[in-house]
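Same order as they appear, the protein sequences are chains A and B. Letter by letter, the first sequence follows residues 9 to 285 in my numbering. Letter by letter, the second sequence follows residues 17 to 252 in my numbering. A virtual CB, placed ideally from N, CA and C, is assigned to each residue, including glycine.
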Amino acid sequence: MARIIVVTSGKGGVGKTTTSAAIGTGLALRGFKTVIIDFDVGLRNLDLIMGCERRVVFDFVNLINDEAKLQQALIRDKRVENLYILPASQTRDKDALTEEGVARVLDELAKDFEYIICDSPAGIERGALMALYFADEAIIVTNPEVSSVRDSDRILGILASKSKRAEENLPPIKQHLLLTRYSPTRVSRGEMLSLADVEDILSVPLLGVIPESQAVLKASNSGVPVIMDSESDAGQAYGDAVARLLGEEHPFRFINLQKNGLLKRIFGSKSKEELPV
Amino acid sequence: MAAQQNNITRPCQLKGSLFTLTVLHLYTDDLQKIQRELSATVERAPQFFQQAPVVIDVHLLGSSSVDFVSLVKLLKQLGLSPVGVRGLNDTLTPHALEANLALLPNAPNTLREEPQLVAPATTSMPSKNLIIHQPIRSGQQVYAKEGDLIVIGAVSHGAELLALGNIHVYGALRGRALAGIHGDKQARIFCQTLEAEMLSIAGLYQLSDDFLAHQHQHHIQVYLESERLVVDSYMK
Ligand SMILES: Nc1ncnc2c1ncn2[C@@H]1O[C@H](COP(=O)(O)OP(=O)(O)O)[C@@H](O)[C@H]1O
Ligand SMILES: [Mg+2]
Chain A
9 MARIIVVTSG
19 KGGVGKTTTS
29 AAIGTGLALR
39 GFKTVIIDFD
49 VGLRNLDLIM
59 GCERRVVFDF
69 VNLINDEAKL
79 QQALIRDKRV
89 ENLYILPASQ
99 TRDKDALTEE
109 GVARVLDELA
119 KDFEYIICDS
129 PAGIERGALM
139 ALYFADEAII
149 VTNPEVSSVR
159 DSDRILGILA
169 SKSKRAEENL
179 PPIKQHLLLT
189 RYSPTRVSRG
199 EMLSLADVED
209 ILSVPLLGVI
219 PESQAVLKAS
229 NSGVPVIMDS
239 ESDAGQAYGD
249 AVARLLGEEH
259 PFRFINLQKN
269 GLLKRIFGSK
279 SKEELPV
Chain B
17 MAAQQNNITR
27 PCQLKGSLFT
37 LTVLHLYTDD
47 LQKIQRELSA
57 TVERAPQFFQ
67 QAPVVIDVHL
77 LGSSSVDFVS
87 LVKLLKQLGL
97 SPVGVRGLND
107 TLTPHALEAN
117 LALLPNAPNT
127 LREEPQLVAP
137 ATTSMPSKNL
147 IIHQPIRSGQ
157 QVYAKEGDLI
167 VIGAVSHGAE
177 LLALGNIHVY
187 GALRGRALAG
197 IHGDKQARIF
207 CQTLEAEMLS
217 IAGLYQLSDD
227 FLAHQHQHHI
237 QVYLESERLV
247 VDSYMK
């Protein structure tokens, strides 16, 4: 049985597409046959971050309108086995996403894939509603600031009332909180909400904390999902999140202020692992 | 800070505030009997009554006429400071005004005689209360049309609770809560932590700025007292 996971947030620019690419790639690296669908019709970001923008011929809307076959629209990732991307259309608008059409495409994908990752657009309009409607699980991407937390809360309400599982009284969508662009330094200065604040307000189990990281920009500029940069803090944090999604337990990293250089200087640097990354 | 500076630039400002006042309930209009009773009380606890403000409640006197001017004089001699009167009927009102007493609204329970004990029903009746076992998120509205609303979880900013009766939140109340929405002045709101945007009972409401002093406090109840919304702890 395929698991449909929506990556959603309400607010734009918080890291949904970055997360969809990283989590999808992470699951495929673990051997699960995975497809990432870009629901952001009209913008098309996922294929850029995945580095396959020049290979797009057909898209999600073509499938919905029966203008192409699944095999024609799916883009197979060149680096990672088991990983496929279904790009969004840049020339249509979100009304192209009909409930019947989306249901039919998801049903077809479910026959072949173990994980279907839905990269949601921002907002609470049609595109976002369609991305979450059929979900079994939801990753709520939240930045540690008030407006993002509010929007996430709003989306959690919609998951609980407007999804297929809610409407048909099925077991509720499994919710995961992913706190991204987290900066312990800025939290300590009081410029950002702390992890504890966000958990307190949203009360959703924590899947991971992704630090604010240069590696993300570098990765998206070169079209490589950041999880493949296993040296980087963000890459490792996404790796932990994938492991937790699969039921493994891992301590949370990158959530505390790194000790400043003084102790390190006094005690030398015998062990590389102890250095802040 | 800004609010304080505002005050300084203005010569004065009227603001609402809440006080606990002693209420003197009159069961007779016989001033001599009243004087005897009160002198004994004042003698027992002289400190307590030093210039204590009192409200005179006359709602049990019915049609008897009270000599308010003499009553005020008597109370002042005993060291009390009468400020107002409540429970007046139309014939008594001019006399109270003559004595320079403020007219205060009736106590909410003066309409009820004795508290009624409800006998247990012989047949079992399903309760009309609504219990929600999950957090109420921003943008959601929950309405207990026929009874109390009980939420086991937090209520987010931008969420709204409505109830015919009381509202209980076993968690943080961050959104809006409107109890007694069809005018039940006995309705109350209870929550574990108060961070609300708006509180309302029987249509009387306060916004978060009005109860800033209670924001982030725990074990809070909200109720109406003399047509005013009172926010305080139910643990005191
Ligand atoms: N952990 C992070 N550290 C630094 N920048 C990030 C991080 N996550 C996302 N970003 C940046 O934020 C911007 C928005 O990310 P994106 O994934 O496109 O968000 P969304 O899909 O929610 O609109 C991008 O420029 C991306 O590089
Ligand atoms: Mg996006």
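What residue range is occupied by the uninterrupted beta strand (DSSP E) comprising residue i?
{"i": "K182/A", "result": "182-190"}
{"i": "A179/B", "result": "176-179"}
{"i": "T209/B", "result": "205-210"}
{"i": "P110/B", "result": "Careful: P110/B lies outside any beta strand (DSSP E), inside the alpha helix (DSSP H) at 109-114."}
{"i": "R190/B", "result": "From DSSP, R190/B is part of no beta strand (DSSP E); its letter is neither H nor E."}
{"i": "I93/A", "result": "91-94"}
{"i": "S216/B", "result": "214-217"}
{"i": "I148/B", "result": "146-148"}
Taking its Cβ as the centre, do 16 or more other Cβ atoms sit within 10 Å of residue i, making it buried, or is it exposed?
{"i": "L225/A", "result": "exposed"}
{"i": "L283/A", "result": "With a pLDDT of only 43 at L283/A, under the threshold of 50, the placement of this residue in the model should not be trusted, and no figure is reported."}
{"i": "Q132/B", "result": "In this prediction, Q132/B scores a pLDDT of 40, lower than 50, which makes its location untrustworthy; the coordinate-derived value is nonetheless stated afterwards. Its Cβ having fewer than 16 others within 10 Å, Q132/B is exposed."}
{"i": "S216/B", "result": "buried"}
{"i": "N160/A", "result": "Per the sequence shown, residue 160/A should be read as Ser rather than Asn. Buried, because 16 or more other Cβ atoms sit within 10 Å of the Cβ of S160/A."}
{"i": "Q244/A", "result": "buried"}
{"i": "Q80/A", "result": "exposed"}
{"i": "G34/A", "result": "buried"}
{"i": "T27/A", "result": "buried"}
{"i": "P259/A", "result": "exposed"}
{"i": "T16/A", "result": "buried"}
{"i": "L265/A", "result": "exposed"}
{"i": "F206/B", "result": "buried"}
{"i": "P69/B", "result": "exposed"}
{"i": "I147/B", "result": "exposed"}
{"i": "A135/B", "result": "With a pLDDT of only 47 at A135/B, under 50, the local geometry of the prediction cannot be trusted, and no value is derived from it."}
{"i": "P110/B", "result": "exposed"}
{"i": "K24/A", "result": "buried"}
Tell me, to the nearest whole angstrom, how far the beta carbon of residue i is from that of residue j; I am working on the premise that it is less than 8 Å.
{"i": "E122/A", "j": "I13/A", "result": "With a Cβ gap of about 11 Å, E122/A and I13/A do not count as contacting."}
{"i": "A223/A", "j": "V234/A", "result": "6 Å"}
{"i": "D46/A", "j": "D101/A", "result": "That pair is no contact at about 14 Å."}
{"i": "F142/A", "j": "S97/A", "result": "That belief does not hold up - the Cβ atoms of F142/A and S97/A are roughly 19 Å apart, past 8 Å."}
{"i": "R185/A", "j": "T150/A", "result": "The sequence shown places Leu at residue 185/A, not Arg. With a Cβ gap of about 6 Å, L185/A and T150/A count as contacting."}
{"i": "L94/B", "j": "V58/B", "result": "5 Å"}
{"i": "L201/A", "j": "P152/A", "result": "4 Å"}
{"i": "A130/A", "j": "V49/A", "result": "With a Cβ gap of about 12 Å, A130/A and V49/A do not count as contacting."}
{"i": "V71/B", "j": "L37/B", "result": "5 Å"}
Quick one: what's residue i bridged to in DSSP?
{"i": "C28/B", "result": "None; C28/B has no bridge partner."}
{"i": "D101/A", "result": "Answer by DSSP bridge pairing: none, since D101/A is not bridged."}
{"i": "T38/B", "result": "V70/B"}
{"i": "T16/A", "result": "I148/A"}
{"i": "D200/B", "result": "Answer by DSSP bridge pairing: none, since D200/B is not bridged."}
{"i": "A118/B", "result": "G100/B"}
{"i": "S249/B", "result": "I236/B"}
{"i": "A160/B", "result": "A179/B"}
{"i": "I124/A", "result": "I12/A, V43/A"}
{"i": "H184/B", "result": "I166/B, F206/B"}
{"i": "D220/B", "result": "Per the sequence shown, residue 220/B should be read as Leu rather than Asp. DSSP output for L220/B lists I217/B as bridge partner(s)."}
{"i": "E241/B", "result": "R244/B"}
{"i": "I83/A", "result": "I93/A"}
{"i": "I152/B", "result": "V171/B"}
Following the continuous alpha helix (DSSP H) through residue i, name the residue where it begins and the one where it ends.
{"i": "R62/A", "result": "Unbroken run through R62/A: none, as it is neither H nor E."}
{"i": "M138/A", "result": "134-141"}
{"i": "A174/A", "result": "172-175"}
{"i": "D241/A", "result": "241-253"}
{"i": "L214/A", "result": "No alpha helix (DSSP H) contains L214/A, which is instead part of the beta strand (DSSP E) from 214-219."}
{"i": "R52/A", "result": "Per DSSP, R52/A belongs to no alpha helix (DSSP H) and is neither H nor E."}
{"i": "Q93/B", "result": "84-93"}
{"i": "L114/A", "result": "107-118"}
{"i": "F227/B", "result": "F227/B -> no alpha helix (DSSP H), and no H or E assigned at all."}
{"i": "V234/A", "result": "First-last for V234/A: undefined, no H or E at that position."}
{"i": "D205/A", "result": "203-210"}
{"i": "Q266/A", "result": "Premise fails: Q266/A is in no alpha helix (DSSP H) and is neither H nor E."}
{"i": "S55/B", "result": "47-60"}
{"i": "F68/A", "result": "68-72"}
{"i": "I31/A", "result": "24-37"}
Notebook entry, point to check: At a Cβ cut of 9 Å, what residues of the segment 140-156 of chain B count as close to chain A, listed as they run along the chain?
Noted result: Q150, P151, I152, R153, S154, G155, Q156
Notebook entry, point to check: For the segment 136-154 of chain A, which residues have a beta carbon sitting closer than 7 Å to at least one beta carbon of chain B?
Noted result: none
Item checked: Selection of the segment 158-191 of chain B by Cβ proximity to chain A, strictly under 9 Å -> G169, A170, S172, H173, G174, A175, G187, A188, R190
Check: Of all the residues that make up the segment 179-199 of chain A, which are near chain B by a beta-carbon distance shorter than 8 Å?
Finding: none
Next item on the list: Using a Cβ-Cβ cut-off of less than 8 Å, give me the residues of the segment 164-178 of chain A that come near chain B, in sequence order.
Entry: L164, G165, I166, A168, S169
Checklist line | Members of the segment 55-87 of chain A near chain B, C-beta cut-off 9 Å | finding: none
Item checked: the segment 85-113 of chain A: positions lying closer than 9 Å to chain B by Cβ -> none
Notebook entry, point to check: When Cβ atoms are compared, which residues of the segment 211-223 of chain A fall closer than 8 Å to chain B?
Noted result: S211
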